[in-house]
Amino acid sequence: AQKVTQAQTEISVVEKEDVTLDCVYETRDTTYYLFWYKQPPSGELVFLIRRNSFDEQNEISGRYSWNFQKSTSSFNFTITASQVVDSAVYFCALHTGTASKLTFGTGTRLQVTL
Amino acid sequence: NAGVTQTPKFRILKIGQSMTLQCTQDMNHNYMYWYRQDPGMGLKLIYYSVGAGITDKGEVPNGYNVSRSTTEDFPLRLELAAPSQTSVYFCASSYPQTGTSVHEQYFGPGTRLTVT
């Protein structure tokens, strides 16, 4: 069975702190994709990154970076020098089977304050 | 491009009423999906479609129906609304999976439904 666990329900940081959001997944597939989405207070879901199981290189995009480790089945997301605009719920998701279906974690609510 | 649009944004239903949530995408995506998001939870897949005329059940299909007569539209029907269907509903679309290549899903703004 496919499963995504985001153990951190809520994280609060002060602006400019670095913060890491954890994501642990379970799958029996050898080929799979992992995703991160952001849900700001306005409610829509915004795609952040896609990573396939063959590519374990870390990725950096501005203040965002992702650490994919197959050995620990984790795909963690780090925000460097957090800003108030980063306040949102962040979801990790695992591609499952056919038709690009996704299994979502329960999300981590990030609150960044001044 | 408008992307994925959903109507209505908000709706209050009485128990036993029916309604259709509308979803339209203008990106010519073959794949479309309906999710529900309950408070403090992730999204759960209700139904999905890989093309016009083809639909299939997701994780939580009970109490819902869908149809896909065109590439652009994927309406979700609630026949006999129940309080357990109070949720935020998201429609999404994506390019088709090609071999082992999977594309991201694009989401609509959501419909907040309350059943009382």
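From first to last, the protein sequence lines are chains A and B. Residue 715 in the numbering used here sits at position 76 of the first sequence, with consecutive numbering throughout. Residue 71 in the numbering used here sits at position 87 of the second sequence, with consecutive numbering throughout. Cβ coordinates follow ideal geometry from the N, Cα and C atoms, glycine included. Source: prediction; values computed, not measured.
Between which two residues does the beta strand (DSSP E) carrying residue i extend?
| i | result |
| --- | --- |
| F674(A) | 672 to 678 |
| L27(B) | 27 to 35 |
| V50(B) | 48 to 50 |
Taking the alpha carbon of residue i as the point to measure from, which residue in the options has its own alpha carbon closest?
| i | options | result |
| --- | --- | --- |
| F707(A) | D725(A), W675(A), V724(A) | W675(A) |
| K(-2)(B) | A65(B), Y32(B), G(-13)(B), T95(B) | A65(B) |
| P59(B) | Y19(B), A(-14)(B), N(-15)(B), T100(B) | Y19(B) |
| T752(A) | K709(A), Y671(A), E656(A), F714(A) | E656(A) |
| V625(A) | F730(A), T669(A), P679(A), T659(A) | Shown here, chain A extends from 640 to 753; a query on residue 625(A) therefore has no answer. |
| S77(B) | A36(B), L97(B), G26(B) | A36(B) |
| Y90(B) | L684(A), A738(A), T670(A), Q647(A) | L684(A) |
| D725(A) | R667(A), S681(A), T669(A) | S681(A) |
Kindly say whether residue i, judged by its beta-carbon, lies nearer than 9 Å to any beta-carbon of chain B.
| i | result |
| --- | --- |
| Y651(A) | The residue you asked about is not Tyr; residue 651(A) is Ser in the sequence shown. Chain B, which has no Cβ nearer than 9 Å to the Cβ of S651(A), makes this no. |
| G701(A) | no |
| L660(A) | no |
Distance cutoff 9 Å, beta carbons only. Does residue i sit that close to anything in chain A?
| i | result |
| --- | --- |
| M11(B) | no |
| L60(B) | no |
| D40(B) | yes |
| L64(B) | no |
So with CB distances below 7 Å, who are the chain C contacts of residue i?
| i | result |
| --- | --- |
| Y48(B) | Annotation note: the requested chain C is absent from the structure, which comprises protein chains A and B. |
Does the beta carbon of residue i fall short of 8 Å from some heavy atom of the ligand SAM?
| i | result |
| --- | --- |
| N706(A) | Absence of the ligand SAM is noted for the structure shown, with no ligands found whatsoever. |
Quick one: which residues of the region 74 to 99 of chain B get their C-beta closer than 9 Å to a C-beta of chain A? List them in chain order.
Against chain A - using a Cβ distance shorter than 9 Å - the residues of the region 74 to 99 of chain B are F74, A76, S78, Y79, P80, Q81, T84, S85, V86, H87, E88, Q89, Y90, F91, G92, P93, G94, R96.
What are the uninterrupted segments assigned as beta strand (DSSP E) that are 3 or more residues long and contained completely in the region 53 to 96 of chain B, given in chain order?
Taking only runs of at least 3 residues, the beta strand (DSSP E) segments lying wholly in the region 53 to 96 of chain B are 60 to 62, 71 to 78.
Could you name each continuous beta strand (DSSP E) segment of 3 residues or more that falls completely within the region 724 to 752 of chain A, going from the start of the chain to the end?
Listed in chain order, the complete beta strand (DSSP E) runs (minimum 3 residues) inside the region 724 to 752 of chain A are 727 to 735, 740 to 743, 747 to 752.
Contact list for the region 662 to 677 of chain A against chain B, Cβ threshold 9 Å
Answer set for the region 662 to 677 of chain A: T670, Y671, Y672, F674, Y676.
Closer than 7 Å, Cβ to any Cβ of chain B: which residues of the region 726 to 744 of chain A, in chain order?
Those would be F730, H734, T737, A738, S739, K740, L741, F743, G744, in chain order.
Which runs of the beta strand (DSSP E) at least 3 residues long sit entirely within the region 641 to 716 of chain A? Give them in chain order.
Runs found: 642 to 644, 649 to 653, 658 to 660, 663 to 665, 672 to 678, 685 to 691, 698 to 700, 703 to 708.
Check each residue of the region 698 to 723 of chain A: if its Cβ is closer than 9 Å to any Cβ of chain B, include it; give the result in chain order.
Along the region 698 to 723 of chain A, there is no position whose C-beta sits under 9 Å from a C-beta of chain B.
Compile a chain-ordered list of the residues in the region 682 to 696 of chain A whose CB is closer than 7 Å to at least one CB of chain B.
The region 682 to 696 of chain A vs chain B, Cβ under 7 Å: G682, E683, L684, F686, R689.
Determine which residues of the region -6 to 9 of chain B have a Cβ less than 9 Å from any Cβ of chain A, and write them out in chain order.
Of all residues in the region -6 to 9 of chain B, none has a C-beta nearer than 9 Å to a C-beta of chain A.
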